[in-house]
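*Asks:*
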Amino acid sequence: MVRNYKRKTNQQSWSALSMQKALEKILKGDLSIKEASKAYNVPYSTLYRKQKTGKSPQEAAVKSLGRFKKVFDYNHETLLKNHILLMEKRLFGLTILDLRLLAYQYAIKNNLSHCFNNQKEIAGRDWVYNFMKRNPELSLRQPEKTSAARASAFNRTNVSKFFDLLGELMCKYNFTASRIYNCDETGMTTVPNKPAKIISLKGKKQVGSLSSAERGTLVTAKICMNAAGQYIPPLLIFPRTRSQDTFSSGLPPDSIVVCHPSGWMQTEIFSPTWLNHFIKYVKPTAEDPVLLVCDGHSTHVKNIDFVTRAKDNFIHVLILPPHTSHRLQPLDVSFMFPLSAYYEQEVKRWLKNHSGKIVTIKQVGELFGLAYQRAATIQTAVNGFKTTGICPYNPYIFPDDLFEPSETTNKTLVDNQTTINQTPTTSYQTISTEHVSVTPEDIMPVPHVGSRTIEEATAPKRKKGKTMIITDTPNLKELENNLPVINNQKKKVVKKRLFMSKAKISKPRSISSFEDDFELLNDTSDNNRNIGADENNQIKKTLNLTGKYIVAKFQVDKTLKHFVGIVLNSNNDVKFLRKYKSKFDNSNKILFIWPNVEDIYNVKSEDVCIILPKPTEDRRGRLTFKGGLTDKFNIC
């Protein structure tokens, strides 16, 4: 049968619901057949014929034309639709294939006549198309990935506790919209993660878009805004050890640029660097304090310097419940998505205008500044705080449907001797199941975590984060008491295997960063004792090695190796050379070249073996040293 069939007649154009109500009135004796026909606008002859069948009004009101009949009646389809919606809200949504398999089993279990494929045990595509057409509130959607932690953490208990704390602060200090702030970090890369859709030839298998590299370099941006639509100039963290003027080019006025090798937010960057920047613009006082809402990142909740400075400067810090920032954090809700979209557009525009070039971290500041100016609007900030219920204060902003995913992991606390019967609660309309022997939930149950015993509930577990006013005195004292434990936690040291044996090397390696290739060694072996007491004394007497060429020792796969480099500063940051050997050069000279990628690493004083004289450079840029490099060094 064709999907879009155009009717040739107006037969059975009456409403099945009107027919059912008319039959009910006739059965009760309230109306005659003619009166019911006029009152409910149904054909007299059809109503007369159906009331003589002896069936119930609900069964008699069902339309039928010829031999084609619906597989499921109204009750069956309503239960099926409600089950589909419930599974979607529990984050276990059904695909088209899942629905077809479920429909077949649903018909078989209830002994319904059907025309489904018995060999494949699956409903047809035409049935799915008409089912979706009969239920226009259903649609095929592309779901967003939601972590299990977020699904379980965003529940009514955590959200209510957060709004209780927020309500206490609002009642006590009467914060206005201009004194309620939210801060958060986001990552800007030289290669945007999600390029926008483009127009292409229909049916083409692969559609490409130019990017600067396969993977981008991350630059972290610290954003802050208030409920009145005002923004604090951002702070950007570049993955470098020293700042450059190009990093701040094009940024919003008064923005801050800092550098860290990881490019991520650090405790010492958040406080005092960013906090002082925040205080400079907000100017909180005892008469006019400030509320700062932020997530439970370790730089916030395990930063004693930040908490004490905030408390001393009349800043009340409210921590969000863990894994709820996608619903409760204004920046995540309204600002971050347009910022990333505008940034992707600016990167694409830059690549078009600079053909043959790629985006590096030197252009990130300029591109971020253009995107930030487009995204940082008053309406965006106001809507972010309004949608989360923070300002205006609205603890009932989230409907019950949003808490459905957490029902999957809710556990009922019971005694070991007690048995329970769990009945999942839903927010859907109750449908009579007296004519339905097997429901869709019986065939495809809603996933649910079982009950837990008292022993399981009282078992020791890792301490989890919580929502709290961290600047309150009890929380501050708890943080001070836990500070020694935090400081004494040993960091996990991951030792990389930096070199492989010659037998395993099949291809020449490209020059990579020094940090990826070497491991420092505190060595006291005999090989180093033979270097000479005079040379060691010379190093110890030299307080500042800046600008000196040195030989440094490193342990690589149980082999002591030596490398030559120049000391850049008083912190003993060394820029290393690479040993160069040409297949056309038969001389015994040891030549060095500068690698394409700078290899800079901090060297301890005890790892410095000898100070070399200034090298000579040939016309090809190769360096040679006069003396000093003897056979006692394993130069690499």
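Those letters in the sequence shown? Residues 1357 to 1992, per the working numbering, in order.
Ideal placement from N, C-alpha and C gives every residue a C-beta, glycine not left out.
Everything numeric in this text was worked out from a predicted model, so none of it was measured.
1. Relative to the C-alpha of V1331, which candidate in P1971, V1907 and K1935 has its C-alpha closest?
2. Would T1542 pass as a contact of I1579 if the rule is Cβ separation under 8 Å?
3. Which residue or residues does DSSP assign as beta-bridge partners of I1536?
4. With DSSP as the reference, label Q1729 as helix, strand or coil.
5. In the structure shown, what three-state DSSP assignment does T1576 receive?
6. Can you tell me the Cβ-Cβ gap for R1512 and E1763, rounded? I've got them flagged as a contact below 8 Å.
7. According to DSSP, is R1506 part of a helix, a strand, or is it coil?
8. Helix, strand or coil: how does DSSP classify L1383 here?
9. So, is P1686 buried or exposed, given that buried needs 16 or more other C-beta atoms within 10 angstroms?
10. Check whether the segment 1423-1432 and the segment 1393-1401 touch, using three or more Cβ-Cβ pairs below 8 Å as the test.
11. Verify whether the separation of the beta carbon atoms of I1671 and P1645 is less than 8 Å.
12. Please list, in chain order, all residues of the same chain as T1664 whose beta carbon is under 8 Å from its beta carbon, the five residues on each side excluded.
13. Using beta carbons (cut-off 8 Å, strictly below), is S1696 in contact with chain B?
14. Measuring alpha carbon to alpha carbon, tell me which of E1444, S1516, S1604 and A1697 ends up nearest P1801.
15. When burial is assigned at 16 or more other CB atoms within 10 Å of the CB, is E1954 buried or exposed?
16. Can you check which of these residues, I1734, D1454 and E1391, is closest to L1379 by C-alpha distance?
17. Could you pull out every residue in the same chain whose Cβ sits closer than 6 Å to the Cβ of G1585, ignoring the five residues on either side in sequence?
18. When DSSP labels each residue in this structure, what does A1372 get in the three-state scheme?
19. How is C1471 classed by DSSP in three states: helix, strand or coil?
20. What separation, rounded to the nearest whole angstrom, lies between the Cα atoms of Y1462 and S1681?
21. Keeping to the same chain, check which residues put their C-beta closer than 6 Å to that of N1466; ignore five residues upstream and five downstream.
22. Whose C-alpha, out of K1708, Y1752 and G1449, is nearest the C-alpha of G1523?
23. Let me make sure I understand the geometry here. Which of V1547, L1607, C1539 and A1642 has the alpha-carbon closest to that of W1630?
24. Taking all protein chains shown into account, decide if K1708 is buried (16 or more other Cβ within 10 angstroms of its Cβ) or exposed.
25. Opposite I1671 in the DSSP bridges: which residues?
26. Taking Cβ to Cβ, would you say P1678 is nearer than 8 Å to G1480?
27. Going by Cα to Cα distance, which pick from T1827, L1458 and Y1485 is closest to D1661?
28. Can you name the residues that DSSP bridges to S1824?
29. Run through DSSP, which three-state label would A1583 get?
30. To the nearest angstrom, how far is it from the Cα of Y1905 to the Cα of K1931?
31. Around the C-beta of S1976, are 16 or more other C-beta atoms found within 10 angstroms, so that it is buried, or is it exposed?
32. T1576 to S1627, Cα distance in whole Å?
33. Please list the terminal residues of the continuous beta strand (DSSP E) segment that includes T1336.
34. Quick one: what does DSSP say K1909 is sitting in, helix, strand or coil?
35. DSSP puts K1935 in a beta bridge; with which residues?
36. Would DSSP call F1981 helix, strand or coil?
*Replies:* The structure says:
1. Summary: the structure shown does not reach residue 1331, with the chain confined to residues 1357 through 1992, and so no result is reported for it.
2. yes
3. L1647
4. helix
5. strand
6. Not a contact, Cβ separation roughly 10 Å.
7. helix
8. helix
9. buried
10. no
11. yes
12. L1832
13. Absent from the structure: chain B. Only one protein chain is present.
14. E1444
15. exposed
16. E1391
17. I1734, A1737 and V1738
18. helix
19. coil
20. 39 Å
21. S1793 and V1794
22. Y1752
23. C1539
24. exposed
25. V1646
26. no
27. T1827
28. The question names Ser, but residue 1824 is Met in the sequence shown. Looking at the DSSP assignment, M1824 forms a beta bridge with I1675.
29. coil
30. 9 Å
31. The question names Ser, yet the displayed sequence has Arg at residue 1976. It is exposed - the Cβ of R1976 has fewer than 16 other Cβ atoms within 10 Å.
32. 16 Å
33. Outside the displayed range of the chain (1357 to 1992) lies residue 1336, so it cannot be described from this structure.
34. strand
35. F1948
36. coil
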